[in-house]
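S.K.: Quick one: structure below, then a few questions.
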Amino acid sequence: MKSKYVKMMIAFSLVAVLLVGCGEKNYEAVAVNEAVDKCDICNMQVNDDGYATQLITEEGKVYKFDDIGCMNEWKVKNGVDEIINEFVRDQVTREWVHADKAYYAYDPSFKSPMAYGLVSFKDNTSAEQFIGEKGVGVLMSWSDLSSHTWDRNKGNMHMKMGNHEKSAHDEYNALDKH
Numbered sequence: 074m075k076s077k078y079v080k081m082m083i084a085f086s087l088v089a090v091l092l093v094g095c096g097e098k099n100y101e102a103v104a105v106n107e108a109v110d111k112c113d114i115c116n117m118q119v120n121d122d123g124y125a126t127q128l129i130t131e132e133g134k135v136y137k138f139d140d141i142g143c144m145n146e147w148k149v150k151n152g153v154d155e156i157i158n159e160f161v162r163d164q165v166t167r168e169w170v171h172a173d174k175a176y177y178a179y180d181p182s183f184k185s186p187m188a189y190g191l192v193s194f195k196d197n198t199s200a201e202q203f204i205g206e207k208g209v210g211v212l213m214s215w216s217d218l219s220s221h222t223w224d225r226n227k228g229n230m231h232m233k234m235g236n237h238e239k240s241a242h243d244e245y246n247a248l249d250k251h
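Count along the sequence shown starting at 1, add 73, and that's the number in my numbering.
So, in structure tokens, the structure goes:
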């Protein structure tokens with residue numbers, strides 16, 4: 074009888090653990106699929122590159138963006154109450170980095186898909202090295218971005234279409250007119 078009771082308790086415990094595990098949501102970054110992923114703000118292709126960003130809500134919904142400025146615009150329009158995680162890509166390694174732990178190099182002359190001029194890095198050394206190589210720019214933290222102006226230099230917009238890099242300036246202006 075005792076053996077039967079122990080077996081039932083073990084079985085019950087395993088079922089309980091499995092049920093709890095099934096209810097957990099994964100709030101980690103997901104891979105970019107260039108064939109289908111479009112920016113949730115500007116509707117341009119999200120490339121699997123150092124500019125891709127994403128945020129995840131409490132419900133587990135993932136929103137992907139081609140530029141950190143688009144992610145910021147989404148937050149301004151939709152609020153931040155339900156956001157659980159925000160991720161940026163390290164410009165060098167392409168690793169996903171928690172946005173609040175990343176460092177940013179900013180200058181209006183830095184090219185990015187939607188011309189916000191922000192480039193993200195997993196550490197301050199890499200960001201400082203990038204700024205040094207460019208000869209311009211400032212190092213910013215996540216908290217610095219809360220007071221950032223988010224202005225764009227539309228002459229520095231770029232995006233990749235397959236293996237070809239071209240200016241997105243004209244395409245963005247066409248979107249603005251609709």
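Ideal Cβ positions, reconstructed from N, Cα and C, are used throughout, including at glycine.
Source: prediction; values computed, not measured.
Using 8 Å as the cut-off, can you tell me whether the segment 217-228 makes contact with the segment 195-203, which would need three or more C-beta pairs spanning the two stretches below that distance?
M.R.: Contact fails: fewer than three Cβ-Cβ distances are below 8 Å.
S.K.: Let me check understanding here. Comparing Cα to Cα, which of V149, N145, D140 lies closest to D163?
M.R.: If you number the sequence shown from 1, residue 163 lands on position 90. The shortest Cα separation from D163 among V149, N145, D140 belongs to D140.
S.K.: Let me know the beta strand (DSSP E) ranges lying completely inside the segment 96-182, each 3 residues or longer, listed in chain order.
M.R.: Correct list: 126-130, 135-138, 156-162, 169-171, 176-179.
S.K.: Spell out the partners DSSP gives M213 in its beta bridges.
M.R.: In the sequence shown, the residue the question calls residue 213 occupies position 140. For M213, which the question treats as bridged, DSSP gives the partners Y177.
S.K.: For W215, tell me which candidate among F203, F194, Q202 has the shortest Cα-Cα distance.
M.R.: On the sequence shown, position 142 is the one that residue 215 refers to. Comparing Cα positions, the closest option is F194.
S.K.: Which residues mark the beginning and the end of the alpha helix (DSSP H) in which S199 is found?
M.R.: Position 126 of the sequence shown holds residue 199. Segment 197-207, the alpha helix (DSSP H) holding S199.
S.K.: Considering only residues of the same chain and omitting the five flanking positions on each side of Y179, which have a CB-CB separation below 7 Å?
M.R.: Position 106 of the sequence shown, counted from the start, is the residue given in the question as residue 179. G190, L191, G210, V211, M213.
S.K.: What number of angstroms, rounded off, separates the C-alpha of V105 from the C-alpha of K174?
M.R.: Along the sequence shown, one-based indexing puts residue 105 at 32. Along the sequence shown, one-based indexing puts residue 174 at 101. One C-alpha to the other measures close to 21 Å.
S.K.: Quick test of your reading: P186 and M230, contact by CB under 8 Å. State the CB separation rounded to the nearest angstrom.
M.R.: As a position in the sequence shown, residue 186 is number 113, starting the count at 1. As a position in the sequence shown, residue 230 is number 157, starting the count at 1. Rounded, the Cβ-Cβ distance is 7 Å, consistent with contact.
S.K.: Please name the residue, chosen from Q118, D113, Y100, I114, that lies closest to E107 on a Cα-to-Cα basis.
M.R.: Numbered from 1 along the sequence shown, position 34 holds the residue referred to as residue 107. Ranking the options by Cα distance to E107, first place goes to Q118.
S.K.: Have a look at P181 and E146 and give me their C-alpha separation to the nearest angstrom.
M.R.: For the purposes of this step, residue 181 is identified with residue 108 of the sequence shown, where counting begins at 1. For the purposes of this step, residue 146 is identified with residue 73 of the sequence shown, where counting begins at 1. Rounded to the nearest angstrom, the two C-alpha atoms are 17 Å apart.
S.K.: Can the beta-carbon of Y39 be found less than 7 Å from the beta-carbon of N151?
M.R.: Examination of residue 39 is not possible in this model, given that the chain is present from 74 through 251 alone.
S.K.: Since V161 and T126 should fall inside the 8 Å C-beta cutoff, what is the C-beta to C-beta distance between them, to a whole number of angstroms?
M.R.: Here residue 161 is taken as the residue at index 88 of the sequence shown, counted from 1. Here residue 126 is taken as the residue at index 53 of the sequence shown, counted from 1. With 8 Å as the limit, V161 and T126 qualify as a contact, their Cβ atoms being about 5 Å apart.
S.K.: When the distance is taken between beta carbons, is K98 closer than 7 Å to G133?
M.R.: Within the sequence shown, numbered from 1, the residue matching residue 133 stands at position 60. Within the sequence shown, numbered from 1, the residue matching residue 98 stands at position 25. Yes, the pair counts as a contact, with Cβ atoms nearer than the cut-off.
S.K.: CA-CA distance, I267 and D113?
M.R.: The structure shown does not extend to residue 267, since the chain spans only 74 to 251, so no value can be given for it.
S.K.: Return the CA-CA distance between G208 and Y176, expressed in angstroms with no decimal places.
M.R.: The count along the sequence shown starts at 1 and reaches residue 208 at position 135. The count along the sequence shown starts at 1 and reaches residue 176 at position 103. So the two alpha carbons sit approximately 17 Å from each other.
S.K.: For the beta strand (DSSP E) containing S193, name the first residue and the last one.
M.R.: Indexing the sequence shown from 1 puts residue 193 at position 120. Where S193 is concerned, the enclosing beta strand (DSSP E) stretches over 191-194.
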